[in-house]
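All remarks here apply to the structure that follows.
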Amino acid sequence: MAAEEFPMELGGFEPNFFIDQYENMYASCLEGSEGSNTLPSQRFSVEGNDVWSPNSFVTSEASSMDVTSVQQSLTLPRDDMEFDNEVSIHHLLKAFSESMEMGQRELELVIMRCLAEKVNPLGQSLERLAFNLCQGFVDNQHGNYLKQESFKNFEAAFNLFYQIFPFGRLAHYAANTAILESIPEDVETVHVVEFDIGEGVQLSQLIEAVAKRNKTLKVTAIKWDVEESDEVAPPQWRFKETKKQLQYHARSFGLNLKVEEIAIEDLVSEIKKANKRGGMREFLAFNSMVGLPHMRRRRSRGLVMEFLRLAKDLLANSARGIVTFGDGYACTKRGNDLSFRSFFDANVVHYKALLESLESTFPSHLGEARMVMELMFVAPYVSSQAWLDKWNEERECGNLQPLFGLESRRVSREMLMEAKEIVGADSSYGVRVGGENGNEMALEWNSIPLLLNRNAYLKYMEICGISISFSSSSAPRTPPPHQSASNKREYLPLQHKEYV
């Protein structure tokens, strides 16, 4: 397929280009603070009733608990031993996961009381991770204020986060490339079914490429019966606004794009009717992305399973389609025998690596700006209760892979070389090929997997899975022709416009 079919250019991306914009965005984030010139680093003090002070706990029932009982139940650092702060946090997190596994709620609160004295939203990666874990246990007025101010600049923050960091761009690029490579020449309509359409940025490349092929593009967003607050799903991600942005973008390429939002049962009825009418000229692409940092919201494993089962059933009848699956939660081995402590530890390693990768991009003087980004795009995923719920879901739902009688597709040398070019040779990101038959490509951060890309087939249906586990990323595609720096094209999120 001609390289021009894939308009997104990722190689040679230079994050420093956005630093000035980032500083401006962060400065505006603090405007309107009613005359306060205090920086977040100054407001987050360890004195008084602050965000991580033991006195700031909402629940005080644990304060009467004899701390000796903690030491009897679990192995904790002794007061007479000298521990580096990070080592202390590590031990406390271990103890906390044990207490959760044993269902000892009061013990959890005592441990969080100890942990809250050591965390720092501007500290090292483990301190910042623990800070976010503490938020479900403390009265976090400062953190809530900063989040509220940050959301006044959500669009700027989203665009910068998406463009600077590779997680979303690589996952979307890999999925789009798999879809575009799989479309038969005789197809008239490409029908993309989105598990979570969000802001719609993932569809920009598809719109441009399908328009060049003179085919029709139809996008269906699944309407799930799940209520979400504006903090989780900001106004930009409301379906009506997303639809406007996508159609505006499509018109600029001469494409008449149809976008609809329907319940999953209505989709089944619609596709079955289309098949009865002779739907061989329609190519179905089921796209499921979950847990990518820029998405900011958690989806239950049950919904993912329902979507993938539906995709399998519908495509088994049409025999013309593809499933792309990106899993930002894929940081642990699946299985019913996995203990919660192991699952908790794997999440700690995963999100610590993510925080380190974010930190590496920011100059030291932008610590507060980085904190804003972490509050917006990492904090929603760092929750002990969410991890417990996810562990229970995965034990009930099992591994996604056995759902499909998959035949592995080996990652080609061209795919691997292109992925390495995308992450850059001079960064701490790396790309590794694994899996039983070399069908997995992983994006790693200092050898810690962040993202896994799985490729496989099911008879006539192709299934491409992008499993994102922080520290690895990949994007299968045919290598593009060499481009000079002057010809490189940035792949930016859709720009929001005013409509009359």
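The working numbering puts the first residue of the sequence shown at 1172, with every later residue one more than the last.
C-beta atoms are modelled at their ideal positions from N, C-alpha and C, and glycine is treated no differently.
This structure is a prediction, so every number in the text was calculated from the model and none was measured.
(request) Determine the extent of the beta strand (DSSP E) in which residue 1392 is found, giving its start and end residues. (result) In the sequence shown, residue 1392 corresponds to position 221, counting from 1. That run of the beta strand (DSSP E) goes 1387-1393.
(request) Give the straight-line distance between the Cα atoms of residue 1509 and residue 1278, rounded to the nearest whole angstrom. (result) Here the question's residue 1509 lines up with position 338 in the sequence shown. Here the question's residue 1278 lines up with position 107 in the sequence shown. Rounded to the nearest angstrom, the two C-alpha atoms are 23 Å apart.
(message) Let me check you understand the geometry: is the CB of residue 1273 closer than 7 Å to at least one non-hydrogen atom of the ligand MN?
(response) Among the components modelled here there is no ligand, and therefore nothing to report on the ligand MN.
(message) Taking 8 Å as the threshold (C-beta atoms), are residue 1543 and residue 1498 in contact?
(response) As a first step, residue 1498 is located in the sequence shown; it is residue number 327 there, counting from the start. As a first step, residue 1543 is located in the sequence shown; it is residue number 372 there, counting from the start. No. Outside cutoff.
(message) Nearest by alpha-carbon distance to residue 1427: which of 1371, 1387, 1564 and 1500 is it?
(response) For the purposes of this step, residue 1427 is taken as the residue at position 256 of the sequence shown. Minimum Cα distance to residue 1427 is reached at 1387.
(request) Report yes or no: is there a C-beta of chain B within less than 8 Å of the C-beta of residue 1561? (result) Included in the structure is just one protein chain, with no chain B present.
(request) Count the other C-beta atoms from every protein chain shown that fall within 10 angstroms of the C-beta of residue 1292, then say buried if there are 16 or more, exposed otherwise. (result) One-based indexing of the sequence shown puts residue 1292 at position 121. It is buried - the Cβ of residue 1292 has at least 16 other Cβ atoms within 10 Å.
(request) With DSSP as the reference, label residue 1289 as helix, strand or coil. (result) If you number the sequence shown from 1, residue 1289 lands on position 118. In the displayed model, residue 1289 falls within coil according to three-state DSSP, outside both helix and strand.
(request) Please state whether DSSP places residue 1453 in a helix, a strand or coil. (result) By one-based count along the sequence shown, residue 1453 stands at place 282. The answer is strand: DSSP assigns residue 1453 an E or B state.
(message) The beta strand (DSSP E) that contains residue 1465, what's its start and end?
(response) Against the sequence shown, residue 1465 aligns to sequence position 294. Unbroken run through residue 1465: none, as it is neither H nor E.
(message) So the candidates are 1347, 1382, 1333 and 1395; which of them puts its Cα closest to the Cα of residue 1370?
(response) What you label residue 1370 is simply residue 199 of the sequence shown in a count that begins at 1. Out of 1347, 1382, 1333 and 1395, 1333 has the C-alpha closest to the C-alpha of residue 1370.
(message) Please report the straight-line C-alpha distance between residue 1294 and residue 1338, rounded to a whole angstrom.
(response) On the sequence shown, residue 1294 is found 123 positions in, with the first residue counted as 1. On the sequence shown, residue 1338 is found 167 positions in, with the first residue counted as 1. Going by the C-alpha atoms only, they are around 23 Å apart.
(request) Could you tell me if residue 1367 is buried or exposed, where buried requires 16 or more neighbouring beta carbons within 10 angstroms of its beta carbon? (result) Sequence index remark: in the sequence shown, residue 1367 carries index 196 (1-based). Answer is buried; the Cβ neighbour count reaches 16.
(request) Could you check if residue 1289 is buried or exposed, using at least 16 other CB atoms within 10 Å of its CB as the buried criterion? (result) Position 118 of the sequence shown holds residue 1289. With 16 or more Cβ atoms within 10 Å of its Cβ, residue 1289 is classed as buried.
(request) Indicate whether residue 1381 and residue 1417 have their beta-carbon atoms separated by less than 8 Å. (result) As a first step, residue 1381 is located in the sequence shown; it is residue number 210 there, counting from the start. As a first step, residue 1417 is located in the sequence shown; it is residue number 246 there, counting from the start. Judged by their CB atoms, residue 1381 and residue 1417 are not nearer to each other than the 8 Å cut-off.
(message) Taking a contact to mean a Cβ-Cβ separation below 8 Å, would you say residue 1282 touches residue 1297 in this structure?
(response) Taking the first residue of the sequence shown as position 1, residue 1282 is located at position 111. Taking the first residue of the sequence shown as position 1, residue 1297 is located at position 126. In this structure, residue 1297 does not lie closer than 8 Å to residue 1282 by Cβ.
(message) Could you compute how far the alpha carbon of residue 1521 sits from the alpha carbon of residue 1529?
(response) Within the sequence shown, residue 1521 is the residue found at index 350, counting from 1. Within the sequence shown, residue 1529 is the residue found at index 358, counting from 1. If you take the alpha carbons of residue 1521 and residue 1529, they lie about 13 Å apart.
(request) Output yes or no for whether 8 Å exceeds the beta carbon distance between residue 1260 and residue 1287. (result) Translated into the one-based positions of the sequence shown, residue 1260 becomes position 89. Translated into the one-based positions of the sequence shown, residue 1287 becomes position 116. No, they are not a contact pair.
(message) Is it buried or exposed, residue 1465, if we count other Cβ atoms within 10 angstroms and call 16 or more buried?
(response) Residue numbering aside, residue 1465 sits at position 294 when the sequence shown is read from its first letter. Buried, by the Cβ-count rule.
(request) Use the C-beta contact count for residue 1436: other C-beta atoms within 10 angstroms, 16 or more gives buried, fewer gives exposed. (result) The residue given as residue 1436 occupies position 265 in the sequence shown. It is exposed - the Cβ of residue 1436 has fewer than 16 other Cβ atoms within 10 Å.
(request) Between the Cα of residue 1355 and those of 1434, 1441, 1456 and 1320, spot the shortest distance and give me the residue it belongs to. (result) The sequence position of residue 1355 within the sequence shown is 184, counting from 1. Ranking the options by Cα distance to residue 1355, first place goes to 1456.
(message) Would residue 1553 and residue 1303 qualify as a contact pair, given that the criterion is a beta-carbon distance under 8 Å?
(response) Translated into positions along the sequence shown, residue 1553 becomes position 382. Translated into positions along the sequence shown, residue 1303 becomes position 132. The beta carbons of residue 1553 and residue 1303 sit closer together than 8 Å.
(request) In angstroms with no decimal places, state the Cα-to-Cα distance between residue 1539 and residue 1269. (result) Position 368 of the sequence shown, counted from the start, is the residue given in the question as residue 1539. Position 98 of the sequence shown, counted from the start, is the residue given in the question as residue 1269. Cα-Cα distance, rounded: 33 Å.
(request) Please name the residue, chosen from 1323, 1491, 1376 and 1594, that lies closest to residue 1344 on a Cα-to-Cα basis. (result) Residue mapping note: residue 1344 aligns to position 173 of the sequence shown, counting from 1. That would be 1376, whose Cα lies nearest to the Cα of residue 1344.
(message) Using 8 Å as the threshold, is the C-beta distance between residue 1434 and residue 1394 below it?
(response) The residue you call residue 1434 lines up with position 263 of the sequence shown. The residue you call residue 1394 lines up with position 223 of the sequence shown. Annotated as proximal: residue 1434 and residue 1394, with beta-carbon spacing under 8 Å.
(message) residue 1392 and residue 1412 - do their beta-carbons sit closer together than 8 Å?
(response) By one-based count along the sequence shown, residue 1412 stands at place 241. By one-based count along the sequence shown, residue 1392 stands at place 221. In terms of Cβ geometry, residue 1412 and residue 1392 do not form a close pair [threshold 8 Å].
(request) Decide if residue 1258 is buried, meaning its Cβ has at least 16 other Cβ atoms within 10 Å, or exposed. (result) Here residue 1258 corresponds to residue number 87 of the sequence shown, with the count starting at 1. Result: exposed.
(request) Would you give the residue range spanned by the beta strand (DSSP E) that residue 1602 belongs to? (result) The residue given as residue 1602 occupies position 431 in the sequence shown. That run of the beta strand (DSSP E) goes 1600-1605.
(message) Using only CA atoms, which one of 1482, 1383 and 1562 lies nearest to residue 1514?
(response) Locating residue 1514 in the sequence shown gives position 343, where the first residue counts as 1. It is 1562.
(message) Between the alpha carbons of residue 1566 and residue 1618, how many angstroms are there, rounded?
(response) Numbered from 1 along the sequence shown, position 395 holds the residue referred to as residue 1566. Numbered from 1 along the sequence shown, position 447 holds the residue referred to as residue 1618. If I take the Cα positions, the gap works out to 27 Å.
(message) Mapping the DSSP letters down to three states, classify residue 1281 as helix, strand or coil.
(response) Your numbering for residue 1281 matches position 110 in the sequence shown. Residue 1281: helix per DSSP, three-state reduction.
(message) If you reduce the DSSP assignment to three classes, tell me which class residue 1301 lands in.
(response) Taking the first residue of the sequence shown as position 1, residue 1301 is located at position 130. Residue 1301 carries a helical assignment under DSSP once its states are collapsed to helix, strand and coil.
(request) Identify the continuous beta strand (DSSP E) that holds residue 1538 and give its terminal residues. (result) The count along the sequence shown starts at 1 and reaches residue 1538 at position 367. From DSSP, residue 1538 is part of no beta strand (DSSP E) but of the alpha helix (DSSP H) over 1538-1548.
(message) Checking 8 Å against the spacing of the C-beta atoms, do residue 1346 and residue 1256 come in under that value?
(response) Position 175 of the sequence shown, counted from the start, is the residue given in the question as residue 1346. Position 85 of the sequence shown, counted from the start, is the residue given in the question as residue 1256. It is not a contact, given that the beta carbons lie outside the stated cut-off.
(request) Compare the Cα-Cα distances from residue 1518 to each of 1550, 1591 and 1601 and report the closest residue. (result) Mapped onto the sequence shown, residue 1518 falls at position 347. Of the candidates 1550, 1591 and 1601, 1550 places its Cα closest to the Cα of residue 1518.
(message) Considering Cα atoms alone, identify which of 1479, 1487, 1276 and 1385 is closest to residue 1421.
(response) Start at 1 with the first residue of the sequence shown, and residue 1421 comes out as number 250. Closest option to residue 1421, judged by alpha-carbon separation, among 1479, 1487, 1276 and 1385: 1385.
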